[in-house]
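Since the structure comes first, as structure tokens, the remarks are kept for the end.
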Amino acid sequence: MNSETSALRLKGLTKRFDRPAVDALDLTVHAGEFYALVGPNGAGKTTTLRMVAGLLKPDAGSVDIFGIDALTDPVAAKQVLAWVSDEPMIYDKLTPLEYLEFVAGLWGIEPRTSQPAARDLLASLGLEPHRNDRCDGFSKGMRQKVALAGALIHDPRLIILDEPLTGLDAVSARHVKGLLGDRVRAGCTVIMTTHILEVAERMADRIGVIAAGRLVAEGTLSELRQQNGHTDTSLEDLFIALVDVKAEAA
Amino acid sequence: MSSATALSWFARHELRLAWREWLAMMTGGRRRRTRAAVIGLIVFAAVMHLPAWAVIGRYAHTEAPLDKTSLIVMTATAFLAWALMLSQAIESVTRVFYARADLDLIMSSPAQLTNVFSVRIAAIALTVTCLALLLSTPFVDVLVLGGGARWFAAFGVVIAVGLSAGAFAIAITIVLFRLIGPARTRLIAQILAAVIGAGFVIALQIAAVVSYGTLSRFAVLTSGAAAAYAPEAGSLVWWPARAMLGDTEALLPLLSLSLVMLGVVMAVFSPRFADTAIGAFAHAASSRQGKAGKTFRGGSRQQALRRKELLLLGRDPWLISQTLMQLLYLVPPALFLWRSFSDSSTALVLITPVIVMAAGQLAGGLAWLTISGEDAADLVATAPLSPSRVIRAKIEVVLIVIGVIFAPLIAALALLAPRQAVVTAAGIAIAAMSATAIQLWFRVQAKRSQFRRRQTSSRIATFAEAFSSIGWAGTSALVLVIPLAAGISGLMTLGLMAATWKFSPTRE
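One line per chain: the protein sequences are Z and G, in this order.
Taking this note's numbering, the leading residue of the first sequence gets 510, the next gets one more, and so forth.
Taking this note's numbering, the leading residue of the second sequence gets 1424, the next gets one more, and so forth.
So, in structure tokens, the structure goes:
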């Protein structure tokens, strides 16, 4: 598969802190795909995604986003990318509408496009009644939804989400999942880390299992089952088996 | 656990928290720095004896009975200390109400809330008093060394002043809650703290400018008019002055009075403390409304950043209170300027360093808020614009705000002394840019709410920022009177900036 049809291509991506956090990782995510990256705590999921988003500089390797070399032309890469972390990045003293206006401005979106988009996003995330309230009184779930709306306002081609469902109630989580599903159906690529394996199992087209900074397994759920000789197990059982094997090997 | 044991246990807990918070402030939260912080503090306290000696050494032999002028000066000094402690205590009390911290835990525990909050009120008063004792020690030491052990009584006055200031602060804050509600109390309390801290000195300066045409606050205190209107020597007003001189008949009632005040405040306000804290929480949970029916504005990415920064600065209670304080400090020189309109006196030069210094200090705070205090750092870092353009937009915001605040003063000065206006404007620009550069070199990503602790990230940056403001203020004044000396002063300040840059983490 060439870089034109891959949304993200990582080659030999490496990052060391006091130990290797990401170890020569090769990973390809296809355009229009919902990709779930799962792994135990400290496996290197967040570090990998932060390098893709341009928030961390890799020690080695390359990051290719829709054919753009993100390390040599980060501004062009960021134009098509959105990042949502598990800690919502919003301003307490701004209202959701003001926040979305700011994000749209940062991505250079014309107001005639961004204003109706902002209203639609707030409505679809159940934030319409709070659009003019300052965020300082919002719950974590509401803040997460504002951050997600900010990620979607500039209509990115690649959305990277790090544990986006943390702190969301069942209704909010369904809103978010629905919104992400709609985006994928519209041709957008979504990469998401999650500890909720049921979400990965149900939503992802492909799942990557990462442990100790390396991809230990990858594929659709049925491919993962086949690779590991289990025909009718849940992702949770597969995940535990894969991670245990990796731990024993280490 | 008996009630008394529980209270003493909670008191120990409060004091431990206060100690650790103070230590964290001193060490920047790094445990390894504790030894260095203690050594630094001892050196600082030792060095402080020198300015204390210079300021107060010659008064060590002062003895009772005092003339009215001396009584006025001493009482005013005690009142100034009280005002500063009150300002500090209001800030502490507001923080306790609005920082959720352990209040949830305490209020959900089966402990007697009235007792627990009594201890907390006492701990606030005690913390303020300890800080005051620490700062006053070099001055009292100098007086004891020069004038004998009777000056130890001054510590008693400091304790009385600290306890009463703590009691007053709690009463004021809770009354504010009742009168104007939790939504406005936070901002008003911060403004009040700033105004009380600076208000007394500024009021004296204004009176000096209006009555005597000088910026010296002592002009009013030592004037014949003040002595004429002052009460007789036997008045209660002079008790603090008499107590400082070792008069136990004045000291003991003062101490007793402050303890009674604190006791009354604990008895009256402890039961209300919980309600007030709940009110503050409820306010935090309910959002304030923004402008409805807002239309999105277009423009460049930098414009979007600048708009966001300006909006956030406008909604920042700290900034509003600090700006107000800076403006308050500018009132006496502005008044002096107006009084000197028809006067060619060179004393007019005095206002240039005051303005330049204020601009440098304000720019430092603003630069921290815009550069380091970025609440959505990841969002800005993942936006499609280069880091240099982000930084440039933020610096522009600092300079715009400084320009807006100081332009009216420069315009007024330009009418009187055009050359001085040009020099002052240049001084403001250089001082603001220097303070901004220091914040840029030492930037550490933080939440805006951590502003109060911004100094802990780097002592070098804190001192460099203060000294660069002082340096540029001095240089600006010297340009007007001794240009050659201004060259030397300017070079020294540039040297300071270069040394600061050399030690900055950015360079590494």
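Idealized CB from N, CA, C, for every residue including glycine.
Item	Value
Residue of Pro-1740(G), Ala-1800(G) and Ala-1506(G) minimising C-alpha distance to Phe-1591(G)	Ala-1506(G)
Which listed residue (Asp-1798(G), Asn-1538(G) and Val-1598(G)) has its alpha carbon closest to that of Trp-1432(G)	Asn-1538(G)
Cβ pair count under 8 Å reaching 3, the segment 539-549 of chain Z against the segment 709-726 of chain Z	yes
Cα-Cα separation, Phe-1926(G) to Gln-1862(G)	13 Å
Residues that Ala-1626(G) contacts on chain Z, provided the C-beta gap is smaller than 8 Å	What Ala-1626(G) touches in chain Z: nothing, since even the nearest Cβ is about 33 Å away.
Test: Thr-1718(G) CB closer than 8 Å to a CB of chain Z	yes
Contacting residues, own chain, Cβ-Cβ under 7 Å from Lys-554(Z) (five flanking each side not counted)	Leu-546, Gly-548, Thr-702 and Ile-719
Within 8 Å, strictly: CB atoms of Ala-591(Z) and His-663(Z)	yes
Within 8 Å, strictly: CB atoms of Leu-1751(G) and Val-1618(G)	yes
One or two residues paired with Arg-715(Z) in a DSSP bridge	Tyr-544(Z)
Minimum Cβ-Cβ distance from Asn-511(Z) to chain G less than 8 Å	Because the pLDDT at Asn-511(Z) is just 46, under 50, the model does not fix this residue reliably, and the value given afterwards should be weighed accordingly. Answer no: the Cβ-Cβ gap between Asn-511(Z) and chain G never drops below 8 Å.
Closer than 8 Å to chain Z by CB, Thr-1805(G)	yes
Contacts of Val-584(Z) in chain G (Cβ-Cβ under 7 Å)	Pro-1807, Leu-1808 and Ser-1809
Boundaries of the beta strand (DSSP E) in which Pro-1831(G) is found, first to last residue	Note, Pro-1831(G): premise wrong, no beta strand (DSSP E); alpha helix (DSSP H) at 1810-1839.
Rounded Cβ spacing between Val-1580(G) and Ala-1666(G) (contact assumed at less than 8 Å)	5 Å
Span of the alpha helix (DSSP H), counted from its first residue to its last, around Asp-1798(G)	Where Asp-1798(G) is concerned, there is no enclosing alpha helix (DSSP H), given that its DSSP letter is neither H nor E.
Integer Cβ distance of Met-1780(G) from Ser-1892(G), believed to fall under 8 Å	5 Å
Range of the contiguous alpha helix (DSSP H) that encloses Met-1667(G)	1662-1667
Near-chain G residues of the segment 610-624 of chain Z (beta-carbon distance less than 8 Å), N- to C-terminal order	Glu-610, Phe-611, Val-612, Ala-613, Gly-614, Leu-615, Trp-616, Gly-617, Glu-619, Pro-620, Ser-623 and Gln-624
Proximal residues of chain G, C-beta to C-beta of Gln-588(Z) below 8 Å	Pro-1807
Residue span of the alpha helix (DSSP H) that contains Ser-1493(G), given as start and end	1491-1521
First through last residue of the beta strand (DSSP E) which encompasses Ile-700(Z)	698-702
Continuous beta strand (DSSP E) stretch holding Trp-592(Z): start and end	590-593
Residues of its chain near Asn-511(Z), where Cβ-Cβ distance is below 7 Å and the 5 sequence neighbours each way are ignored	Any reading at Asn-511(Z) is ruled out, since the residue's pLDDT is 46, under 50, leaving its predicted position unreliable.
Reference Asp-601(Z), options Lys-1731(G), Val-1691(G) and Gln-1843(G), closest by Cα	Lys-1731(G)
Interface residues of chain G facing Ile-599(Z) [CB-CB closer than 9 Å]	Asp-1798, Ala-1799 and Leu-1802
CA-to-CA distance, Leu-1675(G) to Leu-1568(G), given in whole angstroms	23 Å
Chain-ordered neighbours of Lys-563(Z) on chain G, where CB pairs are closer than 9 Å	Strictly speaking, residue 563(Z) in this sequence is Gly, with Lys absent from that position. Neighbours of Gly-563(Z) on chain G, chain order: Ala-1804 and Thr-1805.
Interfacial residues, the segment 1719-1730 of chain G to chain Z, with Cβ spacing under 8 Å	Phe-1719, Arg-1720, Gly-1721, Gly-1722, Ser-1723, Arg-1724, Gln-1726, Ala-1727, Leu-1728 and Arg-1730
Val-1563(G) versus Ala-1577(G) - alpha carbon distance	7 Å
DSSP three-state assignment for Ala-1849(G), whether helix, strand or coil	helix
CB of Ala-769(Z) within 8 Å of CB of Pro-597(Z), strictly	Residue 769(Z) lies beyond the stretch modelled for chain Z, which goes from 510 to 759, so this question has no answer here.
Element boundaries [beta strand (DSSP E), containing Thr-537(Z)]	529-539
Classification of Ala-1854(G) by the beta-carbon crowding that lies within 10 angstroms, buried from 16 upward	buried
Min CB distance Arg-1518(G) to chain Z below 8 Å	no
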